[in-house]
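What follows is a short report on a single structure.
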Amino acid sequence: MIISVASGKGGTGKTTIATSFALSIKNAQILDCDVEEPNAHIFIKPEIQEKSPVFIPVPQIDKTKCDGCGKCRQVCVYNALAVLKNDVLVFSDLCHGCGACAYFCPQKAIKEVDKEIGIVEIGIKHDKYGGNLEFIHGKLNIGQAMSPPLIREVKKHINPTRINIIDAPPGTSCPVIESIKGSDFCILVTEPTPFGLNDLILAVEVLRKLKIPYGVVINRSDLGDKKTDAYCEKEKILVLMTIPFKKEIASIYSQGIPIVEVIPKYIEDFQKMFRRITDGKFS
Amino acid sequence: MKQIVVISGKGGTGKTVITASFAALAKNKVMADCDVDAADLHLLLTPKIKEKYDFRSGVTAVVDKNKCIQCGLCRKLCRFSAVNSDFTIDSVSCEGCSFCGFACPQNAIEMRENLAGEWFISATRFGPMVHAKLGVAEENSGKLVSLVRKNAKEIAEKIGADWIVIDGSPGIGCPVIASISGVDCALVVTEPTLSGLHDAARVIDVTRHFKVPVKLVINKYDLNLDMTEQIELYCQEKEVPVIGKLGFDKAIIKAMVENKTIVEYSQGKSSKTIKNIWLRLQKEVNNG
């Protein structure tokens, strides 16, 4: 089973929910797909056991074979290749690694070489009951623009025999879609402010488009106004959990400690939430 | 004319609240909301849309069933697993690379241009604003950011504006890179949490990578004074000036609920702090 945690607006508490949720249920695995700014490791503190670089294939021109015909530039929709009189320039930051240039080169002058875009790290966290939580995250290299290929690599580690919790990036564009597609359920974390509601509505549109069932967690539920509750009621969206604003929770979070480690009552709340999700009693 | 962008790495640290206040405080300026996939600046600046344009960008493969002989080449070549087993296209996975379209021996694949969003030129109580709405689940947010910035710059040049105030997006990927390129200053807003420090450090590295001058503000600094100190030490080490610290203040949320910037809503502590941040930022950016 795959349950993703997303939000639209950033900073609403995705990582708080994803990590504490994963720590509260049995047989879980957490995959941090916010590869631009991964934070789950701060809370889980896994023992990292494996590190591997992630590459995308980019073209390399064999100048002895290239006759400057320009076919590669014609088939590259990303403008990652420029053909000059005696040279072909490769702008690898623009390349999506589709492979069309190499395939169509009549001179077979293009070889695809690996370009590192980030790393995937795999680790484990043992809990005090002898169980373990598997941990996987991706980390995009500084200066890299494209995160989806790295997110795809992280998701290759989804283990169908476990409960996979995906921590998604904020927003509604390609990295979010890449992270949450294929999920059986998505938890949307929001806060009851105008910004939170505006971005929740966008996130709901995404989930409706992807046809993924979802429910909402309202964080800092006593700040802001009542419009988020009204919206959820009107749209018949299941509110899975509400968490009030407390300086204690903010302080625990700021130190990188999962709330379930300090306030054990939340373990039960997360287990209850898990049962509600798996019972299939959602709209 | 100077361009200032507010970014954060981590989401939800207060970028938009600060950008909106700068919009209220700066004289003779144009605003640009470059958080195109979860734009919120309009909620505080309540723009009146004057001009509206389609953002057409990228393409998606569409298979013509009548021409397709199901040879399977497209499925073999596609690296994004976007060709389903029945030779229809999973448009969410399609990267628009057009490899399949070029390769199809039957010419059965058409690449259709995407309507990827909309962008607007608006009037606000503080001056002109350029903003956008990326379509749900669309790509090319970096291109849309560049388009918003280009138009904000044209307007600024036309009216002889002194400032372009830009609201950035969270993260360090393509929209962020597009929003910081060539600005006079990137202001990183962070919060005193381990995540806030971790993410600010990464986005500071990005500004350094692209050689953009960077300064930092700590929001809600009083929620964890130890972490605030750690962030200050980190910035000192990296030679990033910390130009202000804002305390946690429920008035900021109350102002938001009333669709106002904090500097309009109250004359309290947060309002004063932001005014001082703006004065300092303005002075330092003008002195290069």
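Protein chains in written order, with my numbering: chain A, 16 to 298; chain B, 4 to 291.
Think of the CB as a built atom: it goes at the ideal place given N, C-alpha and C, for glycine as much as any other residue.
Taking S94/B as the reference, which of C91/A, I192/A, K86/A has the closest Cα?
-> Here residue 94/B is taken as the residue at index 91 of the second sequence, counted from 1. Across the set C91/A, I192/A, K86/A, the C-alpha of I192/A shows the shortest separation from the C-alpha of S94/B.
Give the residues of chain A in contact with D165/B, contact being defined as C-beta atoms less than 8 Å apart.
-> What you label residue 165/B is simply residue 162 of the second sequence in a count that begins at 1. Within chain A, no residue comes near D165/B; the closest Cβ sits about 28 Å away, beyond 8 Å.
Partner residues on chain A for S144/B, Cβ-Cβ distance less than 7 Å = Position 141 of the second sequence, counting from 1, holds the residue named residue 144/B. Simply S188.
Whose C-beta lies closer than 6 Å to the C-beta of I195/A among residues of the same chain, with five residues either side of it excluded?
-> Residue numbering aside, residue 195/A sits at position 180 when the first sequence is read from its first letter. The beta carbon of I195/A lies closer than 6 Å to those of S19, A21, A183, C201 in the same chain, with the five residues before and after it left out.
With respect to the beta strand (DSSP E) encompassing S125/B, which residues constitute its N-terminal and C-terminal limits?
-> The sequence position of residue 125/B within the second sequence is 122, counting from 1. Segment 112-127, the beta strand (DSSP E) holding S125/B.
Determine whether the Cβ of S298/A lies closer than 9 Å to any Cβ atom of chain B.
-> On the first sequence, residue 298/A is found 283 positions in, with the first residue counted as 1. At S298/A the pLDDT is 39, less than 50, meaning the model places this residue with poor confidence; the figure from the coordinates comes in the next sentence. So no, S298/A is outside the interface.
Assigned secondary structure, F297/A (DSSP; H/G/I helix, E/B strand, else coil) | One-based indexing of the first sequence puts residue 297/A at position 282. Caution applies to F297/A, whose pLDDT of 46 falls short of 50 and renders its modelled position unreliable; the value that the coordinates give is listed next. Three-state result, F297/A: coil.
Distance, G146/A Cα to H152/A Cα | In the first sequence, counting from the first residue as 1, residue 152/A sits at position 137. In the first sequence, counting from the first residue as 1, residue 146/A sits at position 131. Going by C-alpha positions, H152/A is about 20 Å away from G146/A.
Inter-residue spacing [alpha-carbon to alpha-carbon] between P207/A and N213/A | Within the first sequence, numbered from 1, the residue matching residue 207/A stands at position 192. Within the first sequence, numbered from 1, the residue matching residue 213/A stands at position 198. Straight-line Cα distance between these residues: approximately 10 Å.
Mind listing the chain A neighbours of P195/B? Cutoff is C-beta to C-beta under 8 Å, in chain order.
-> Taking the first residue of the second sequence as position 1, residue 195/B is located at position 192. Simply S269.
For A43/A, collect the residues of the same chain with a Cβ closer than 7 Å to its Cβ; drop the 5 residues on either side in sequence, then sort them by chain order.
-> On the first sequence, residue 43/A is found 28 positions in, with the first residue counted as 1. Its chain contains A37, L148, R177, I178, I180 as the residues whose beta carbon lies nearer than 7 Å to that of A43/A, once the 5 sequence neighbours on both sides are disregarded; these appear in chain order.
Along chain B, in chain order, which residues have C-beta atoms closer than 9 Å to that of Y118/A?
-> Translated into the one-based positions of the first sequence, residue 118/A becomes position 103. Near Y118/A (Cβ distances below 9 Å), the residues of chain B are L80, F102, F105, A106.
Measuring CB to CB, does S96/B end up less than 9 Å from T264/B?
-> In the second sequence, the residue the question calls residue 96/B occupies position 93. In the second sequence, the residue the question calls residue 264/B occupies position 261. In this structure, T264/B does not lie closer than 9 Å to S96/B by Cβ.
How big is the Cα-Cα spacing for G176/B and P244/B?
-> The residue given as residue 176/B occupies position 173 in the second sequence. The residue given as residue 244/B occupies position 241 in the second sequence. Approximately 24 Å between the Cα atoms of the pair.
If we cut at 9 Å on Cβ distances, does N213/A have a partner in chain B?
-> Locating residue 213/A in the first sequence gives position 198, counting from the first residue. Taking CB atoms only, N213/A has a neighbour in chain B less than 9 Å away.
What separation, rounded to the nearest whole angstrom, lies between the Cα atoms of T276/B and N227/B?
-> For the purposes of this step, residue 276/B is taken as residue 273 along the second sequence, with counting starting at 1. For the purposes of this step, residue 227/B is taken as residue 224 along the second sequence, with counting starting at 1. Taking the straight line joining both Cα atoms gives about 18 Å.
Is there a Cβ from chain A that is less than 9 Å from the Cβ of V139/B?
-> Against the second sequence, residue 139/B aligns to sequence position 136. Closer than 9 Å: yes.
Same chain, Cβ closer than 8 Å to G130/B, five either side skipped, listed in chain order = Position 127 of the second sequence, counting from 1, holds the residue named residue 130/B. Around G130/B: A26, N31, K32, V33, M34, A164.
Assuming Y268/A and T31/A form a contact by the criterion Cβ under 8 Å, report the distance between their Cβ atoms to the nearest whole angstrom.
-> For the purposes of this step, residue 268/A is identified with residue 253 of the first sequence, where counting begins at 1. For the purposes of this step, residue 31/A is identified with residue 16 of the first sequence, where counting begins at 1. Correct: roughly 6 Å between the Cβ atoms.
Residues that M161/A contacts on chain B, provided the C-beta gap is smaller than 8 Å | If you number the first sequence from 1, residue 161/A lands on position 146. Going along chain B in sequence order, the residues near M161/A (Cβ under 8 Å) are G176, C177.
Select from the region 22-46 of chain B all residues with a C-beta closer than 9 Å to any C-beta belonging to chain A, and list them in chain order.
-> With the criterion set as a beta carbon lying under 9 Å from some beta carbon of chain A, the members of the region 22-46 of chain B are D38, V39, D40, A41, A42, D43, H45, L46, in sequence order.
With a cut-off of 9 Å, does the C-beta of A33/A fall near any C-beta of chain B?
-> Taking the first sequence and counting its residues from 1, the one referred to as residue 33/A is at position 18. No, A33/A does not count as interfacial toward chain B.
Any chain B beta carbon closer than 9 Å to A21/A | Position 6 of the first sequence, counted from the start, is the residue given in the question as residue 21/A. Taking a beta-carbon distance threshold of 9 Å, A21/A does not count as an interface residue toward chain B.
Return the chain-ordered ranges of every beta strand (DSSP E) run that is complete within the region 112-141 of chain A and spans a minimum of 3 residues.
-> Whole beta strand (DSSP E) segments, 3+ residues: 125-141.
Hey, could you find the ends of the alpha helix (DSSP H) L296/B is sitting in?
-> Past the edges of chain B, shown from 4 to 291, lies residue 296/B, and the structure says nothing about it.
Determine the DSSP secondary structure at A135/B, reduced to helix, strand or coil.
-> In the second sequence, residue 135/B corresponds to position 132, counting from 1. Residue state, collapsed to three classes: strand.
Identify every residue that forms a DSSP beta bridge with A97/A.
-> Position 82 of the first sequence, counting from 1, holds the residue named residue 97/A. Its beta-bridge partners are L104/A.
Does DSSP put K257/B in a helix, a strand or coil?
-> Within the second sequence, numbered from 1, the residue matching residue 257/B stands at position 254. K257/B falls in the helix class under three-state DSSP.
Alpha carbon to alpha carbon, how far is V133/B from D170/B?
-> Here residue 133/B corresponds to residue number 130 of the second sequence, with the count starting at 1. Here residue 170/B corresponds to residue number 167 of the second sequence, with the count starting at 1. Spanning the alpha carbons of V133/B and D170/B requires a straight line of approximately 11 Å.
Buried or exposed: where does E1/B fall if 16 or more other Cβ atoms within 10 Å of its Cβ makes it buried?
-> Since the first residue of chain B shown is 4 and the last is 291, residue 1/B is not available in this structure.
For K13/B, return the contacting residues in chain A, with the cut-off set at a CB-CB distance below 7 Å.
-> Position 10 of the second sequence, counted from the first residue, corresponds to residue 13/B. By Cβ distance, chain A contributes G25, G26, E52.
Three-state secondary structure (DSSP) at I7/B?
-> Looking up residue 7/B in the second sequence gives position 4. It is a strand residue.
List the residues of chain B that V90/A touches, going by C-beta distances under 8 Å, in chain order.
-> By one-based count along the first sequence, residue 90/A stands at place 75. When 8 Å is used as the limit between beta carbons, V90/A is near these residues of chain B: S101, F102, F105, in chain order.
I167/B and K5/B closer than 9 Å at C-beta = For this step, residue 167/B is matched to residue 164 along the second sequence. For this step, residue 5/B is matched to residue 2 along the second sequence. In contact: I167/B and K5/B (Cβ atoms closer than 9 Å).
Bridge partners - G153/A, DSSP secondary structure assignment = Within the first sequence, the letter at position 138 stands for residue 153/A. Note: G153/A sits in a beta bridge opposite V135/A.
Anything in chain A within Cβ reach of T16/B, meaning under 9 Å, just list it in chain order.
-> One-based indexing of the second sequence puts residue 16/B at position 13. Residues of chain A passing the Cβ test: G25, G26.
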